[in-house]
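Report on the following structure.
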Amino acid sequence: MLSRLEELTQGFLSIAIRPLSFNYKDGVDYVNDFKWFAAGLSLAYLISIFAIKTVMANRKAFELTSLLHFWNAWLAAFSLLGSVVVGFQLAADVFTQGFDATVCETTPVWHDLSGYMQWIFALSKIAEFGDTFLIVLRKKPLIFLHWYHHVMTMNYALFSYPAGQGYNAWIVWLNLTVHAVMYSYYLLKSAGFRVPAWVAQIITSSQIFQFLSTLLIQARAVQLYRRDECPQLNEFIFGCYQESVDYAHDFKWFAAFLSIAYVVAIFSLQAFMVNKKAFQLKSLLHFWNAWLAIFSLIGAAIIGWQLATDFFTLGFDATVCETTSVWHGLSGYMQLLFGLSKIAEFGDTFLIVLRKRPLIFLHWYHHVMTLNYAMFSYPFGQGYNAWIVWLNLTVHAVMYSYYMLKSAGVRVPAWVAQIITSSQIFQFLATLLIQARAVQLYRRNECAEFNEFIFGWCLLMELSYVALFGHFFYESYLSGGRKNKYLKEKETPTHKKDE
């Protein structure tokens, strides 16, 4: 272990002392040697922070004021310097080689001083683990988002670096720019300066803007890749439709088995909880609704953008009957994740049962049906499924955001729940209209990829959803008003369903 650390240290120093003559290949060689060690550090980091948090439970918090000043100061200075160096060269590359080259190639920004700063950026994500230790030692709240993004960013930075993905230079520059402002803000706060509350809001907004900008840059990379103009694009990150089809073929029967296990488990757990006190699970509920809201919003944006592009370039009929571009690249990757996410959404039901909330047939029926349809239909490449996925993600983005606000104690007008339920019914009706167009084209022999079995399954599923959700809406809002039995449970209709 010590000899390994010595090798890594010597390798680091041999590159670190030559910032002006940095060569990307040297950085790749070092990162290839280092990345698995870094993955081990991630695990050690997680164990350490929660171990320290446990130890600190009955101890007095450390102040660490001077250390905090220094920590925020060096990260602010490093981020500012990196942002200027990388940004200057990135701008030069855009003006000399064009934006597309910076997205798809390792342009000059990957070499010399700017390349050196990108290499140091990746390694600095290990140093940023120190943020968490300062939080834990000072007994400040440690949320999932904090340690999750530290682990994910560090591992992505190191594992993607050797692949030479041009768009990563933009990710690095955006991150450094936001961090320069963010750590400067932390520095002022730790020094006792009164900073207006809106500054924190702007910083958080800029972080969200950073992520959305990255998605747009990646969308351009995929577009160029589909034209064979981006040879360095790594499909592991974006996904490949044919590989996804093969995976879905292998996975679908396991998903069916999971569905059976899910139904058995929820009713067994419900019986077990009869004489038990309900769990509150507030923190878990906040997290659960938040991640599903974010995932749905990102998925809706990515798929919606590509679906709109296909619509305007190929026409609506092509999107209904063919596996157009929306099935490939980043949007195709999101469609595969959508299918797999239906397994994760089983968690909705366990949260209902553990909190001893009413569990109705509609809830678990639609979970089982949607998962199995998603996995069994995926390999057949039914074009209209892309519309189903986009509609579902769009409704879910709103619905889980509503859940998140409710779980956080925010008072949301009752009519919002009614609109969400109405939008779900609209989603099913829109799907039926899209399917009607697919049938019309199929009967004209203009829909070659049409599969009658999958179509029939989808048709029956959507009709059952219209009937069940429609009945729920009637019972909840039109029959008996707010004295209805559903509203007595203080549950909105969407608390029991979320296709």
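Under the UniProt record's numbering, the first residue of the sequence shown carries the number 1, and numbering increases by one thereafter.
Just so it is clear, CB atoms sit at the ideal spot from N, CA and C, and this is done for glycine as well.
Being a predicted model, the structure only gives us computed values, none of them experimental.
Determine, using beta carbons only, whether residue i and residue j come nearer to each other than 8 Å.
i, j, result
"Ala180", "Ala76", "yes"
"Tyr167", "Gln218", "yes"
"Ile454", "Phe380", "yes"
"Met273", "Lys139", "no"
"Glu322", "Glu452", "no"
"Met404", "His286", "yes"
"Lys53", "Val136", "yes"
"Gly226", "Ser325", "Note on identity: in this sequence residue 226 is Arg, with Gly being the wrong assignment. Result yes, Cβ atoms of Arg226 and Ser325 sit closer than 8 Å."
"Leu354", "Leu281", "yes"
"Leu330", "Leu468", "no"
"Leu307", "Trp390", "yes"
"Ala73", "Leu187", "yes"
"Cys104", "Gln232", "yes"
"Leu212", "Ala300", "no"
"Ile425", "Gly470", "yes"
"Phe78", "Ser124", "yes"
"Leu292", "His396", "yes"
"His69", "Ala256", "no"
"Leu441", "Asp317", "yes"
The alpha helix (DSSP H) with residue i in it runs from where to where?
i, result
"Ala318", "316-321"
"Ser48", "24-55"
"Met273", "Careful: Met273 lies outside any alpha helix (DSSP H) and carries neither H nor E."
"Trp74", "65-97"
"Thr153", "144-160"
"Arg226", "197-226"
"Gln335", "329-344"
"Gly470", "452-473"
"Arg437", "414-443"
"Arg106", "Correcting the residue type first, residue 106 is Thr in the shown sequence and not Arg. Neither: Thr106 is in no alpha helix (DSSP H) and is coded neither H nor E."
"Ile388", "384-407"
"Lys139", "Unbroken run through Lys139: none, as it is neither H nor E."
"Gln118", "112-127"
"Ala374", "361-377"
"Val410", "Taken as a continuous stretch (DSSP letters only), Val410 belongs to no alpha helix (DSSP H), as it is neither H nor E."
"Asn58", "Run containing Asn58: none; DSSP gives neither H nor E here."
"Ser184", "168-190"
Report the CB separation of residue i from residue j in whole angstroms; it is logged as a contact under 8 Å.
i, j, result
"Leu432", "Glu462", "5 Å"
"Val94", "Thr106", "That belief does not hold up - the Cβ atoms of Val94 and Thr106 are roughly 15 Å apart, past 8 Å."
"Leu158", "Ala122", "5 Å"
"Met154", "Ala38", "7 Å"
"Thr309", "Trp387", "With a Cβ gap of about 14 Å, Thr309 and Trp387 do not count as contacting."
"Thr214", "Leu174", "7 Å"
"Ser407", "Asn289", "6 Å"
"Tyr30", "Ile49", "So it is not a contact: roughly 27 Å between Cβ atoms."
Using only CA atoms, which one of the options lies nearest to residue i?
i, options, result
"His367", "Phe254, Ser48, Asp348", "Asp348"
"Leu429", "Val466, Lys53, Ala57", "Val466"
"Ser206", "Pro141, Val178, Leu391", "Val178"
"Trp110", "Ile135, Gly164, Phe144, Ala91", "Gly164"
"Ser66", "Lys189, Pro358, Leu359", "Lys189"
"Tyr185", "Leu80, Tyr477, Lys406", "Leu80"
"Thr370", "Phe346, Asp26, Leu281", "Phe346"
"Lys25", "Gln97, Ala191, Asp112, Ala92", "Asp112"
"Phe144", "Gln97, Ile202, Leu46", "Leu46"
"Pro19", "Phe99, Ser124, Leu362, Gly115", "Gly115"
"Phe88", "Val172, Ile208, Lys252", "Val172"
"Ala51", "Lys35, Leu142, Gln10", "Leu142"
"residue 551", "Trp147, Gly383, Leu90, Gln201", "A query on residue 551 cannot be resolved here, the shown segment of the chain reaching from 1 to 499 and no further."
"Met152", "Ala92, Gly40, Gly27, Val86", "Gly40"
"Lys276", "Tyr262, Trp253, Lys356, Ala261", "Lys356"
"Phe279", "Thr313, Leu351, Gly315", "Leu351"
"Trp415", "Gly82, Pro108, Ser476, Gly409", "Ser476"
"Trp36", "Gly82, Tyr156, Gln270", "Tyr156"
"Ala221", "Phe99, Phe312, Asn58, Phe295", "Phe99"
Quiz item: Should the stretch 125-133 be regarded as contacting the stretch 196-215, the criterion being three or more beta carbon pairs within less than 8 Å?
Solution: Verdict: no, contact absent.
Quiz item: Okay, do the stretch 373-390 and the stretch 328-341 touch, 3+ Cβ pairs below 8 Å being the bar?
Solution: Three or more pairs of CB atoms, one per stretch, sit closer than 8 Å, so the stretch 373-390 contacts the stretch 328-341.
Quiz item: Is the number of C-beta pairs between the stretch 327-336 and the stretch 408-423 that are closer than 8 Å three or more?
Solution: Proximity of the stretch 327-336 to the stretch 408-423 falls short of the contact definition, fewer than three beta-carbon pairs being nearer than 8 Å.
Exercise. Indicate whether the contact test is met: 3 or more Cβ pairs, each with one atom in the stretch 394-410 and one in the stretch 437-451, closer than 8 Å.
Key: With a cut-off of 8 Å on Cβ pairs, the stretch 394-410 is not in contact with the stretch 437-451, counting fewer than three such pairs.
Quiz item: If we count Cβ pairs, one from each stretch, closer than 8 Å, do we get three or more for the stretch 262-277 versus the stretch 110-119?
Solution: A contact between stretches requires three or more CB pairs, one per stretch, nearer than 8 Å, and the stretch 262-277 fails this requirement with the stretch 110-119.
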